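In the working numbering, the protein residues as written are 26 to 387.
Set out below in structure tokens:
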């Protein structure tokens, strides 16, 4: 496998984004109007309350449990024990191709929830560093706790191949923009101090060849010093395109280019089959709008330095992906998702994991 995604803490997040798949699922039955005002897990915000009530279904016991909406939002699988995370990483890190080169290129911590809130994140980071495997991190940009400190951002940038910051979180968190700019400044500082000499790159052209079991980030092996310094993460924006942010795209591209963002991943909003009708009406984008944006990004908004990628440019819509099936054109065919209980999934379709199909199977 080229990449392994660990659902380390899918139920733990410090934001409540309306388009989150777990939130879409939570709105299926929750009647927020019945909730007590002091139940912060249930009364998310006025918008979610409208969406919950618009679904036309009643959850009469909504005000009887303080964590009712939290439970309905959650997968209910808890946090991944570190032993499961370690076993999955070591299993796939041991796989080699015919030439002996390691197949595993990246480890991705939780794609649901905020990965930096995983209680064993430091240990996960250390394990991947010891194996010379970078993390590919997607965060909401709050950088909770110590992670907002410059030295901790530097640690992440040295341990990751890419840090994607969700633009959707900017609608929930006022400090999002300042945190992204701070992350880019730290990246630039690290890049400015890095040794990109041809000799170092030549010595460490393949990290697997020189340090399969050595902690490259700490440069224990002198030959690895060059690649340890030059492997500074790129900083990307993960943009969920929806009706409310479509007009902000030119401004976002201009700002991202100005501060030095490396890449923007444009992903049109995906709705679960169980998502309320009002949610679709509030955030949905039609195919013509998406095509116009695609053309615009490939022409007048195109920047030589800023890369534009993501499912917006895929030939096949995520909504057409066969649930539980194998799609020959799937770009995720050589990836695996490991759940908190250790079972594995090879299909990334959110409908399979969180929608009606998922509700039947879990």
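Idealized CB from N, CA, C, for every residue including glycine.
Nothing here was measured: the structure is a model prediction, and the numbers come from that model.
Spatial neighbours of residue 371 in its own chain (CB-CB distance under 7 Å, excluding positions within 5 residues in sequence) are listed in chain order as 361.
Straight-line spacing of the CA atoms in residue 120 and residue 51 works out to 39 Å. Separation of residue 125 and residue 288 (C-alpha to C-alpha, rounded to the nearest whole angstrom) is 32 Å. Counting C-beta atoms within 10 angstroms of its own C-beta, residue 339 has fewer than 16 neighbours from the protein chains shown and is therefore classed as exposed. The segment 185-196 and the segment 263-271 touch, with three or more beta-carbon pairs separated by less than 8 Å. Distance from residue 328 to residue 298 at the Cβ level is roughly 37 Å; contact not present, criterion being Cβ atoms closer than 8 Å.
Between residue 363 and residue 31, the C-beta gap is smaller than 8 Å, which places the two residues in contact.
The C-alpha of residue 205 lies about 7 Å from the C-alpha of residue 166. A Cβ-Cβ contact shorter than 8 Å links residue 162 with residue 181. With contacts defined by Cβ atoms closer than 8 Å, residue 139 and residue 45 do not form a contacting pair. The three-state reading of DSSP puts residue 316 in helix, counting H, G and I together. It is roughly 17 Å from the alpha-carbon of residue 256 to the alpha-carbon of residue 133. Residue environment: residue 144 is assigned as exposed (fewer than 16 neighbouring CB atoms within 10 Å of its CB, all protein chains considered).
In the three-state DSSP reduction, residue 156 falls in the helix class (H, G or I). Setting aside the 5 residues that flank it on each side, residue 335 is surrounded in the same chain by 290, 291 and 292, each with a C-beta closer than 7 Å to its C-beta; the list follows chain order. With 16 or more other Cβ atoms inside 10 Å of its own Cβ, residue 278 counts as buried. For residue 290, the three-state secondary structure derived from DSSP is strand.
For residue 332, DSSP records a beta bridge to 288.
Per DSSP, the continuous beta strand (DSSP E) segment holding residue 134 begins and ends at 131-134. In this chain, the beta strand (DSSP E) harbouring residue 185 covers 185-191.
Secondary structure at residue 145: coil, using DSSP grouped into helix, strand and coil.
Residue 370 is bridged by DSSP to 362.
The bridge partners DSSP lists for residue 260 are 188.
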